[in-house]
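Take any residue in the sequence shown, count from 1 to its spot, add 4: that is its number in our numbering.
Here is the structure we will look at, set down as structure tokens.
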Amino acid sequence: MITVKAIKPRFQNRVKPTLARQTRRAIAGVIALTSCLWLPAALGWSATGHQLTCEVAASQLTDPVKARIQVLMQALPDAQRDDLFDGKALTFADLCTWADQVRPLKQYRSVASWHYVNVARDASSVNYDKCVTGCLLTAIETHIGLLQQTELSPWPRLQSLMFLSHWIGDLHQPLHVSFFEDLGGNRTQVTGYDDCDNLHGVWDFCLVSTTGKSRSDLLVELLALPGAEGFDQGTALSWAQESMDLVTHPRVQYCRKSELGCAPWSTQRYALSPDYQAINWPVAKLRLAQAGYRLAGLMNTLMAAP
5 MITVKAIKPR FQNRVKPTLA RQTRRAIAGV IALTSCLWLP AALGWSATGH
55 QLTCEVAASQ LTDPVKARIQ VLMQALPDAQ RDDLFDGKAL TFADLCTWAD
105 QVRPLKQYRS VASWHYVNVA RDASSVNYDK CVTGCLLTAI ETHIGLLQQT
155 ELSPWPRLQS LMFLSHWIGD LHQPLHVSFF EDLGGNRTQV TGYDDCDNLH
205 GVWDFCLVST TGKSRSDLLV ELLALPGAEG FDQGTALSWA QESMDLVTHP
255 RVQYCRKSEL GCAPWSTQRY ALSPDYQAIN WPVAKLRLAQ AGYRLAGLMN
305 TLMAAP
């Protein structure tokens, strides 16, 4: 199980605090709780991937924690509800997409680098060397730390919960733990998908959308994956290492390992293998499920006390 220690956030002062498997019947209940608009953004699993993460998490929450979160969601300011959610009440799935939706807003621009963690091409493990001004790992620490401050008013706590929900999803998208030089695969031009022309976009969006399945059907698949009882093990650093190991694996076709490091797969636009979807969708599906179970583990711990 996940053990959450009391954390003093490394970069807390940089951002103001205001800032089991289920049956289909149970899954329908989760969808009813979390249903919201399909958002076309291609940022960190896209809206659909992040929504799935929160839907998996919702299915694993204790009833008291779920109730506390639903009360906390009422703290969303009317201005954000109107601008971001067309005046609708915040849903559980929105918790995981909010951090992408507020990225253009001036008050949140300082955390742009918190959506990813860079690693050196010659590194074999993830560390904090490139997190001097904040990264995905320090972002998770920061918002775990803020959620542990039960004396905070509802809006700062809700922001921390929404950030953390998004960070856990981003951490499990392999291209969010990758190399600075190509902006995590955003500059890695590829062919093979009609709607995605770079590798980051393939993993953010096309691996999910190419399945052609509805979000409810995808949720059924995620909750039916074997081994779920062990998904919530580990720490943020170990989960980042999993992503690094995946992104540097030949199946992803992102880089080629040698004694000097992991060099770009190609310096020009290249075609992904015809079986790319068949090989990599199972990996992406597992990462989405792991993110959801691990997020639930954190929420059940951090929100256990009233």
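Quick reminder that beta carbons are idealized off the backbone N, C-alpha and C, glycines included.
Owing to the predicted nature of the structure, the values given are computational and were not obtained by experimental measurement.
{"Query": "Three or more C-beta pairs under 8 Å: does that hold for the stretch 142 to 157 against the stretch 209 to 225?", "Result": "no"}
{"Query": "Near L162, which residues of its chain fall below 8 Å by C-beta distance, leaving aside the five closest residues on each side in sequence?", "Result": "L76, M77, A79, L80"}
{"Query": "Can you tell me where the alpha helix (DSSP H) with P230 in it begins and where it stops?", "Result": "From DSSP, P230 is part of no alpha helix (DSSP H); its letter is neither H nor E."}
{"Query": "Are three or more beta carbon pairs between the stretch 151 to 158 and the stretch 206 to 213 nearer than 8 Å?", "Result": "no"}
{"Query": "For W285 and Q177, what's the separation of their Cα atoms in angstroms?", "Result": "12 Å"}
{"Query": "Straight-line CA distance for Q84 to R260?", "Result": "44 Å"}
{"Query": "Using a Cβ distance threshold of 8 Å, determine whether the stretch 46 to 63 contacts the stretch 294 to 310, with at least three qualifying pairs required.", "Result": "yes"}
{"Query": "To the nearest angstrom, how far is it from the Cα of D236 to the Cα of E246?", "Result": "13 Å"}
{"Query": "Which of the three DSSP states, helix, strand or coil, is assigned to P81?", "Result": "coil"}
{"Query": "In the DSSP assignment, the alpha helix (DSSP H) including K289 goes from what residue to what residue?", "Result": "280 to 306"}
{"Query": "Assign D249 to one of three DSSP states: helix, strand, or coil.", "Result": "helix"}
{"Query": "Answer yes or no: do Q281 and Q193 have a C-beta to C-beta separation smaller than 9 Å?", "Result": "no"}
{"Query": "Quick check on DSSP: helix, strand or coil for Q111?", "Result": "helix"}
{"Query": "Start and end of the beta strand (DSSP E) containing P268?", "Result": "265 to 268"}
{"Query": "As an exercise, report each continuous beta strand (DSSP E) stretch of at least 3 residues that is fully enclosed by the stretch 173 to 229, in chain order.", "Result": "193 to 197, 200 to 202"}
{"Query": "According to DSSP, is K70 helix, strand or coil?", "Result": "helix"}
{"Query": "Kindly list the residues whose CB is nearer than 6 Å to the CB of A30, restricted to its own chain and excluding five residues on each side of it in sequence; keep chain order.", "Result": "Any reading at A30 must be qualified, since the residue scores a pLDDT of 38, below 50, and its modelled position is unreliable; no value is offered."}
{"Query": "Straight-line CA distance for A45 to A103?", "Result": "Residue placement at A45 cannot be trusted, given a pLDDT of 34 that sits under 50; the coordinates are not used to answer."}
{"Query": "Does DSSP put A309 in a helix, a strand or coil?", "Result": "coil"}
{"Query": "Taking C-alpha atoms, which residue in F184, L88, T95, Q152 lies nearest to N122?", "Result": "F184"}
{"Query": "From which residue to which residue does the beta strand (DSSP E) around C259 run?", "Result": "259 to 262"}
{"Query": "Measuring straight from C-alpha to C-alpha, what distance separates Q111 and S164?", "Result": "14 Å"}
{"Query": "Pick helix, strand or coil for A275, following the three-state DSSP scheme.", "Result": "strand"}
{"Query": "Going by DSSP, what residue range makes up the alpha helix (DSSP H) through S63?", "Result": "50 to 64"}
{"Query": "If we ignore side chains and look at the alpha-carbon of each, how far apart do S262 and H253 end up?", "Result": "12 Å"}
{"Query": "Using the beta-carbon count (16 or more within 10 Å), is T66 buried or exposed?", "Result": "exposed"}
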